[in-house]
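In our numbering, the protein residues as written are 4 to 213.
Note that beta-carbon positions come from the ideal geometry of N, C-alpha and C, so glycine has one too.
Right, here's the structure in full:
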C-alpha cells in the first residue's frame, strides 16, 4: 500500500517537472544520440516524437565512441543480425563490428524496422550526444569522447573531471552500481531523477542555436 502511494506521489511530482521542462523547450526537433535508454526517456518526458534511432537500445561506451568517431559511415552502413548472440534479445552488428543491443524489441526485424523508420527523422544539424552509461573506470574513454567532432555532447560521471569539458558530475550517482547506474532513475523523494541535476532542456535549446 505504501509503495503504491509512493509511486502515485512520485509520478505526480515527475509530471510537474516534465510539464515545466516542456514549457522551457524551444527546440522540439532535437535529435538525441544516447548510448542507452536515456534518450527515449527524455523524448517521453518532453512529449516529443522519437527523432533518433537510438531508442530502446544500448551500446557499450567503447562501441558508442567508435560509432560516433565514424558517424556518417556508421549511419550509412546496414546493420546485420548477430546470430547466436547468447542474449534473450536481438543484437545487431554495425560499422567496424560495433554491436547494437536492441534489448526492448521482440526480434531483429522489428528492431531494424524501427531503427530505419526513426533514422529518417534525424536532423544531423541538430544533434545532441549523451554518453549515459559510462562504466566509471576507463578515463581513456572520457578523453576519446571529449575529442569527438560533436559540439553538443555530454558524458555523465560520478565524480568531477576538470580536464574533461564534456563531463557532467551527477551528485549521488554511481556509474557502476545497479539501478544507480541509470541516470534516469529517481534519486529523491521529490521526484527528481539523477539526470535532473543536468539542465538538459537548455542543452537541447542551445543545440538549435549554433
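Original post:
Where does residue 210 fall in DSSP's three states?
Top reply: helix
Subject >> Rounded straight-line distance, which links the Cα of residue 165 to that of residue 55 >> reply: 30 angstroms
Original post:
Tell me the DSSP bridge mates of residue 96?
Top reply: 83, 102
Subject >> Residue closest to residue 148, alpha-carbon to alpha-carbon, out of 22, 180, 85, 65 >> reply: 65
Subject >> Nearest-angstrom Cα separation, counted from residue 180 out to residue 52 >> reply: 31 angstroms
**OP:** Determine the DSSP secondary structure at residue 69, reduced to helix, strand or coil.
**Re:** helix
Original post:
By how many angstroms is the C-alpha of residue 38 removed from the C-alpha of residue 190?
Top reply: 21 angstroms
Original post:
If you count every other CB in all the chains shown that lies within 10 Å of the CB of residue 100, and 16 or more means buried, which is it?
Top reply: exposed
**OP:** Only counting runs of 3 or more residues, tell me where the beta strand (DSSP E) segments fall wholly within the region 105–183, in order along the chain.
**Re:** 130–134, 156–160, 170–172
Subject >> Nearest-angstrom Cα separation, counted from residue 167 out to residue 140 >> reply: 14 angstroms
Subject >> Separation of residue 111 from residue 1, as counted between CA atoms >> reply: No information on residue 1 is available, as it lies outside the stretch 4 to 213 that the chain covers here.
Original post:
Tell me the DSSP bridge mates of residue 203?
Top reply: DSSP, once it has assigned bridges, lists no residue as partnering residue 203.
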